[in-house]
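A.B. asks: If you scroll down you'll find the structure; I have some questions about it.
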Amino acid sequence: MKKQKIKLAFRIALFTATAASMFFVPWILVKAWILPLPDTVQEQVNEAIGHGFDGMIVYIDQTGKPPAFYTGGWKDRDNKIPADHNALFKIASIEKLYIAVSIAKLAKQMRLSLDETVADYFPELQGKIQHAKTITLRMLAQHRSGIPNFTSNPDYWKNEQENGDRALEFALALPASFKPDKGYEYSNTNYLLLGKVIERVTGYSHHQYIKDEILAPLNLNNTFFSIKDVNLDDVMSGYYVGIEDDLKANENGMLATAEDVGIFLRALNDGSVFGEGEQEIYSSIYVYEHGGLVPGYQSLAKYYKDIDAVVVQLINTTDFNGYEWNLSEIIISRIAKILKNEKI
Numbered sequence: 001m002k003k004q005k006i007k008l009a010f011r012i013a014l015f016t017a018t019a020a021s022m023f024f025v026p027w028i029l030v031k032a033w034i035l036p037l038p039d040t041v042q043e044q045v046n047e048a049i050g051h052g053f054d055g056m057i058v059y060i061d062q063t064g065k066p067p068a069f070y071t072g073g074w075k076d077r078d079n080k081i082p083a084d085h086n087a088l089f090k091i092a093s094i095e096k097l098y099i100a101v102s103i104a105k106l107a108k109q110m111r112l113s114l115d116e117t118v119a120d121y122f123p124e125l126q127g128k129i130q131h132a133k134t135i136t137l138r139m140l141a142q143h144r145s146g147i148p149n150f151t152s153n154p155d156y157w158k159n160e161q162e163n164g165d166r167a168l169e170f171a172l173a174l175p176a177s178f179k180p181d182k183g184y185e186y187s188n189t190n191y192l193l194l195g196k197v198i199e200r201v202t203g204y205s206h207h208q209y210i211k212d213e214i215l216a217p218l219n220l221n222n223t224f225f226s227i228k229d230v231n232l233d234d235v236m237s238g239y240y241v242g243i244e245d246d247l248k249a250n251e252n253g254m255l256a257t258a259e260d261v262g263i264f265l266r267a268l269n270d271g272s273v274f275g276e277g278e279q280e281i282y283s284s285i286y287v288y289e290h291g292g293l294v295p296g297y298q299s300l301a302k303y304y305k306d307i308d309a310v311v312v313q314l315i316n317t318t319d320f321n322g323y324e325w326n327l328s329e330i331i332i333s334r335i336a337k338i339l340k341n342e343k344i
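Put into structure tokens, the structure is as follows:
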């Protein structure tokens, strides 16, 4: 067991770098891309399971049609429990959309300013974060701060579960990636800090703010912020290629059903999650769709404007090389093509 954990930590530490530097395209990706397009989404889900995914949930909300669910594979492969569209899933970085909406709301209320700096909100970080006096909240939201990603520090992955509570320390140990607003680098540290900004402005947890201002108005009762808040039996199992352990008991942040994510993404894109003047602010700082990736779980939440369709795809298999992520992107693109063909 200990040996497996060491292997897992090592693999995850190299995950992003390896995925970004692939020297060849595996046959499975080529095959998934060139296969004839199925007629239905369910056929595509079944095909995806045939490519090696353990389990999969797809939620589709397309104008003029009732919301639809498609599943394949296992919710829990060890106990042979089929994938269930009501299962809770770890959505990881999709949480950034909720944080960005919160920042836009607070900016509109003038409870914070996007042009104020990290040093304004965290004077104790001056001297610890390079350029703290010139990095603005806007730069944090746009991933233009230059503050390094704490998950890029190999030491973070030596004990990810314990180190999650000290994530900022692992970013502070790295040099700035670039001068403020002089580049772009996706960094989890940016949104870690924005979550803390919300807490300093409101005086309470940013999770509670999201609950009050986003989840409750949209009746999203199946969205949670910790594995401790849910019944573990309700969570879809998570698998990492080469590791036998089920990773669902790990703490990886936000969980939600596919439907809850889809309802939120619809509200984000049609503007109904916003109050007056908030969407204009949001549009200036962040995007309208997102993906999420933690060990054992990968998610894509996309909006296709041309067919007015929200597609949420949840897959409980990840790997060392990043091939599973690339495969998931191919699959969701094929699902979108099937939906577009149905419109013709």
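Here the sequence shown is numbered in this note's numbering, starting from 1 and rising by one per residue.
We put the beta carbon where it would ideally sit given N, CA and C, even for glycine.
Please read these numbers as outputs of a predicted model, since none were measured by experiment.
#1: For a quick check, are the C-beta atoms of TYR240 and PRO26 less than 7 Å apart?
#2: Please classify PHE224: does DSSP put it in a helix, a strand, or coil?
#3: Could you name the residues that DSSP lists as bridge partners for HIS51?
#4: Quick one: grab the DSSP three-state call for PHE122.
#5: At the level of alpha carbons, what is the spacing between GLY183 and GLN142?
#6: Could you check where the alpha helix (DSSP H) with LYS151 kicks off and where it finishes?
#7: Below 7 Å between beta carbons: does that hold for ASN316 and GLY72?
#8: Along the chain, where does the alpha helix (DSSP H) that runs through SER187 open and close?
#9: In the DSSP assignment, what are the bridge partners of ALA256?
#10: What did DSSP end up calling SER21 once you bin it into helix, strand or coil?
#11: Buried or exposed for ALA349, please, with buried defined as at least 16 other CB atoms from any protein chain shown within 10 angstroms of its CB.
#12: Here's a check: name, in chain order, each residue in its chain whose Cβ is nearer than 8 Å to the Cβ of PHE178, leaving out the five neighbours to either side.
#13: Pull up the distance between the alpha-carbon of TYR282 and that of TYR297, whole angstroms please.
#14: Tell me SER299's beta-bridge partners as DSSP assigns them.
#15: Just to confirm before moving on: does the CB-CB distance between HIS131 and PRO175 stay below 7 Å?
#16: Short check: CB of SER44 to CB of PRO36, under 7 Å?
#17: Can you look up LYS75 in the DSSP assignment and give me helix, strand or coil?
#18: Contact defined as beta carbons within less than 8 Å: I believe VAL41 pairs with ILE338. What is the distance between those atoms, to the nearest angstrom?
#19: Just how far apart, CA to CA, sit ARG266 and TRP33?
#20: Quick one: grab the DSSP three-state call for ILE243.
#21: If you draw a straight line from the alpha carbon of SER152 to that of LEU106, how long is it in whole angstroms?
#22: Let me check understanding here. Comparing Cα to Cα, which of SER187, GLU169 and PHE170 lies closest to ARG144?
#23: Out of LYS302, TYR204, GLU276 and ASP319, point me to the one whose CA is closest to ILE243's CA.
#24: Tell me the DSSP bridge mates of MET56?
#25: Is the beta carbon of ILE81 sitting closer than 7 Å to the one on LYS90?
#26: From which residue to which residue does the alpha helix (DSSP H) around HIS206 run?
#27: Taking the beta carbon of ASN222 as the centre, do at least 16 other beta carbons fall within 10 Å, making it buried, or is it exposed?
#28: Quick one: what's got a C-beta closer than 7 Å to SER21's C-beta in the same chain, skipping five residues either side?
#29: Just to confirm, are TYR59 and GLY262 a CB contact at a threshold of 7 Å?
#30: In terms of residue numbering, what span does the alpha helix (DSSP H) encompassing PHE170 cover?
#31: Going along the chain, which residues of its own chain have a beta-carbon closer than 6 Å to the beta-carbon of MET1, five neighbours each way excluded?
#32: If we count the other Cβ atoms within 10 Å of its Cβ and call it buried at 16 or more, is ALA258 buried or exposed?
C.D. replies: On the basis of the coordinates in this document:
#1: As a first step, residue 240 must be located in the sequence shown, where it is residue number 240. As a first step, residue 26 must be located in the sequence shown, where it is residue number 26. Contact: no.
#2: Position 224 of the sequence shown, counting from 1, holds the residue named residue 224. If DSSP states are grouped into helix, strand and coil, PHE224 belongs with the strands.
#3: By 1-based counting over the sequence shown, the position of residue 51 is 51. In DSSP, HIS51 forms no bridge with anything.
#4: Start at 1 with the first residue of the sequence shown, and residue 122 comes out as number 122. Here PHE122 sits in coil by DSSP.
#5: Numbered from 1 along the sequence shown, position 183 holds the residue referred to as residue 183. Numbered from 1 along the sequence shown, position 142 holds the residue referred to as residue 142. The alpha-carbon atoms of GLY183 and GLN142 are separated by roughly 10 Å.
#6: Your numbering for residue 151 matches position 151 in the sequence shown. Going by the sequence as given, residue 151 is Thr instead of Lys. Segment: none, THR151 is in no alpha helix (DSSP H) and carries neither H nor E.
#7: Counting from one through the sequence shown, the residue named residue 316 turns up at place 316. Counting from one through the sequence shown, the residue named residue 72 turns up at place 72. Not in contact: ASN316 and GLY72 (Cβ atoms no closer than 7 Å).
#8: As a position in the sequence shown, residue 187 is number 187, starting the count at 1. Note, SER187: premise wrong, no alpha helix (DSSP H); not H, not E.
#9: Your numbering for residue 256 matches position 256 in the sequence shown. PHE89 and THR223.
#10: What you label residue 21 is simply residue 21 of the sequence shown in a count that begins at 1. For SER21, the pLDDT reaches just 41, beneath the cut-off of 50, and the residue's location in the model is therefore unreliable, leaving the point undetermined.
#11: A query on residue 349 cannot be resolved here, the shown segment of the chain reaching from 1 to 344 and no further.
#12: Taking the sequence shown and counting its residues from 1, the one referred to as residue 178 is at position 178. Answer for PHE178: GLY146 and GLU185, listed in chain order.
#13: Residue mapping note: residue 282 aligns to position 282 of the sequence shown, counting from 1. Residue mapping note: residue 297 aligns to position 297 of the sequence shown, counting from 1. Approximately 27 Å between the Cα atoms of the pair.
#14: What you label residue 299 is simply residue 299 of the sequence shown in a count that begins at 1. In DSSP, SER299 forms a bridge with GLY292 and LEU314.
#15: Looking up residue 131 in the sequence shown gives position 131. Looking up residue 175 in the sequence shown gives position 175. No; because the gap between Cβ atoms is not below 7 Å, this pair is not in contact.
#16: By 1-based counting over the sequence shown, the position of residue 44 is 44. By 1-based counting over the sequence shown, the position of residue 36 is 36. Before going further, note that residue 44 is Gln rather than Ser in the sequence given. No, these two residues do not count as a Cβ contact at 7 Å.
#17: The sequence position of residue 75 within the sequence shown is 75, counting from 1. Strand at LYS75.
#18: Mapped onto the sequence shown, residue 41 falls at position 41. Mapped onto the sequence shown, residue 338 falls at position 338. About 6 Å separates the two Cβ atoms, so the contact holds.
#19: As a first step, residue 266 must be located in the sequence shown, where it is residue number 266. As a first step, residue 33 must be located in the sequence shown, where it is residue number 33. Answer to the nearest angstrom: the Cα atoms are 28 Å apart.
#20: Position 243 of the sequence shown, counting from 1, holds the residue named residue 243. Reduced to three states, the DSSP call for ILE243 is coil.
#21: Here residue 152 corresponds to residue number 152 of the sequence shown, with the count starting at 1. Here residue 106 corresponds to residue number 106 of the sequence shown, with the count starting at 1. Going from the Cα of SER152 to the Cα of LEU106 covers about 30 Å.
#22: Mapped onto the sequence shown, residue 144 falls at position 144. Closest by alpha carbon: SER187.
#23: For this step, residue 243 is matched to residue 243 along the sequence shown. Comparing Cα-Cα distances from ILE243 to each of LYS302, TYR204, GLU276 and ASP319, the minimum goes to ASP319.
#24: If you number the sequence shown from 1, residue 56 lands on position 56. Answer is GLY72 and ILE315.
#25: Here residue 81 refers to the residue found at position 81 when the sequence shown is read from its first residue. Here residue 90 refers to the residue found at position 90 when the sequence shown is read from its first residue. Against a cut-off of 7 Å, the Cβ pair of LYS90 and ILE81 comes out as no contact.
#26: Against the sequence shown, residue 206 aligns to sequence position 206. Where HIS206 is concerned, the enclosing alpha helix (DSSP H) stretches over 206 to 210.
#27: Position 222 of the sequence shown, counted from the start, is the residue given in the question as residue 222. By the neighbour-count rule (16 or more Cβ atoms within 10 Å), ASN222 is buried.
#28: Counting from one through the sequence shown, the residue named residue 21 turns up at place 21. Low confidence applies here, because SER21 scores a pLDDT of 41, under 50, leaving its location unreliable and the question unanswered by this model.
#29: Along the sequence shown, one-based indexing puts residue 59 at 59. Along the sequence shown, one-based indexing puts residue 262 at 262. Yes, these two residues count as a Cβ contact at 7 Å.
#30: Position 170 of the sequence shown, counted from the start, is the residue given in the question as residue 170. That run of the alpha helix (DSSP H) goes 167 to 172.
#31: By one-based count along the sequence shown, residue 1 stands at place 1. At MET1 the pLDDT is 45, less than 50, meaning the model places this residue with poor confidence and gives no usable figure here.
#32: Counting from 1 along the sequence shown, the entry for residue 258 is found at position 258. Per the 10 Å Cβ criterion, buried.
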